[in-house]
DNA sequence: ATAGATGCAAATATTTTGCCGCCAG
DNA sequence: CTGGCGGCAAAATATTTGCATCTAT
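Chains as they are written, first to last, in my numbering: chain W, 693 to 853; chain V, 693 to 853.
Right, here's the structure in full:
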């Protein structure tokens, strides 16, 4: 292995390694946005998830913690976080249907690499990716504010079976 | 400019430059799949579109040509093409809501670069992108079969305004 | 105190399915 | 001829909105 790897592959066990817990709550406070009981629960669910969740899953977990949280509040909270660019909305190549998945927006862009058979998702960072963004920015004369890369294929484990 | 550019930027005027017209129809014939009157119309709409269309837009245009085409047939045809990997389903970063957009699957992967204000979408190809895919394939031990990159930002024209 | 958030129910929007008659090969 | 296909209507799913009430600050 090289001494200074040009990339980093996550374990796939935890998705929100990008920001410390409580990050979303602090961001909302800083913006003078009300932290209701329901929002605290929903943010906690999103921050502690070990895999990407869709709206229904977020609702399910939040509802268990606080049984009078409704799907409507989940949708409105997701919307709030999207508007403030605190979370990203992913579709993970529609491998699991047309649901949307959410993750807190980290400081560094990363690529989602999903197995089309077992559905495992890894996250991948690479200098090459950042170079590519610079090239696009220059050659398309665009000020990039959001980027998303999703890759699907058969992982090693599934090929072995 | 270098003699052999490492990338290519499309004009943004035409999306289906990747395959010759009639490509989808030929692919279906080759697979012994029935070419009904409705399918011909829908394929033609998709192949001649100058920008990415969602299901409702495909229906609208197909319906104008053949007024007894229904949305159901459009959805079923899209599904057929997806199953046979003849089209890709894009969400273009949800810049225009949660609709899905479709384009015929070309021989070379490309990046969609969208302006978040005017909505213009350009396509971008790059050697760097192919290198990145090789790196992912190697380092994640995955046999990549589908990849999608979407980038959003303010284009030069919109920054000038 | 009060602007803004929630809950409920209903409205929208989008996509899928069952069933039967029809047509491409 | 016949198995797959399209049309219709209805169902299933997903998300948004109006409005009265409540609550975080």
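All C-beta atoms in this analysis are idealised placements derived from N, C-alpha and C, irrespective of residue type, glycine included. For clarity, every value in this text was computed on a predicted model and none was experimentally measured.
- Looking at the DSSP output, residue 746/W bridges to 793/W.
- Taking a Cβ-Cβ cut-off of 9 Å, residue 796/W has no neighbours in chain V, whose nearest Cβ is about 17 Å from it.
- Contact check between the region 814 to 824 of chain V and the region 781 to 790 of chain W: fewer than three CB pairs, one atom from each, fall below 8 Å, which does not count as touching.
- Annotation: residue 722/W to residue 843/V spans about 28 Å, alpha carbon to alpha carbon.
- Interface residue (Cβ-Cβ distance to chain V less than 8 Å): residue 817/W is not classified as such.
- Sequence-distant Cβ neighbours of residue 809/W in its own chain, meaning closer than 7 Å and more than five residues away, are 846 and 850.
- Of the other Cβ atoms in all chains shown, 16 or more fall within 10 Å of the Cβ of residue 746/V; this residue is therefore buried.
- Going by beta carbons, residue 797/W and residue 768/W fall outside the 8 Å limit.
- Put simply, the region 826 to 837 of chain V does not touch the region 786 to 796 of chain V. Fewer than three CB pairs are less than 8 Å apart.
- Contact annotation for residue 828/W against chain V: 803, 805, 816 and 843 [CB-CB distance below 7 Å, chain order].
- Every alpha helix (DSSP H) stretch that sits fully inside the region 756 to 843 of chain V and reaches 4 residues is listed by chain position as 763 to 775 and 819 to 831.
- For residue 720/V, the enclosing alpha helix (DSSP H) covers residues 715 to 722.
- What residue 847/V touches in chain W, judged by beta-carbon distance under 9 Å, is 832, 833, 834 and 835, going in chain order.
- Only residues of its own chain outside the window of five on either side were considered, and among them 769 have a CB closer than 7 Å to the CB of residue 731/W, listed in chain order.
- In the structure shown, residue 735/V falls within a helical segment according to DSSP collapsed to helix, strand and coil.
- Looking from the CA of residue 733/W, the closest CA among 762/W, 718/W and 757/W belongs to 757/W.
- Here residue 761/V has 730, 733, 734, 751, 754 and 755 as same chain residues with Cβ atoms under 8 Å from its own Cβ, once five neighbours each way along the sequence are excluded.
- Taking the C-beta atoms as reference points, residue 716/W is found no nearer than 8 Å to residue 749/W.
- Using a Cβ-Cβ cut-off of 8 Å, residue 783/V counts as an interface residue toward chain W, since at least one Cβ of chain W sits closer than that to its own.
- Take residue 710/W, set aside five residues on each side of it, and the residues of its chain with a beta-carbon closer than 6 Å to its own are 798, in chain order.
- For residue 838/V, the nearest beta carbon of chain W is closer than 8 Å to its own beta carbon.
- Scanning its chain for C-beta atoms nearer than 7 Å, with the 5 sequence neighbours on each side dropped, one finds around residue 737/V the residues 750, 753 and 754, in chain order.
- One alpha carbon belongs to residue 718/V, the other to residue 712/V, and they sit about 10 Å apart.
- Neighbours of residue 808/W in chain V, taken as residues whose beta carbon is under 7 Å from its own, are 837 in chain order.
- When the Cα atoms are used, residue 728/W and residue 763/W turn out to be separated by approximately 15 Å.
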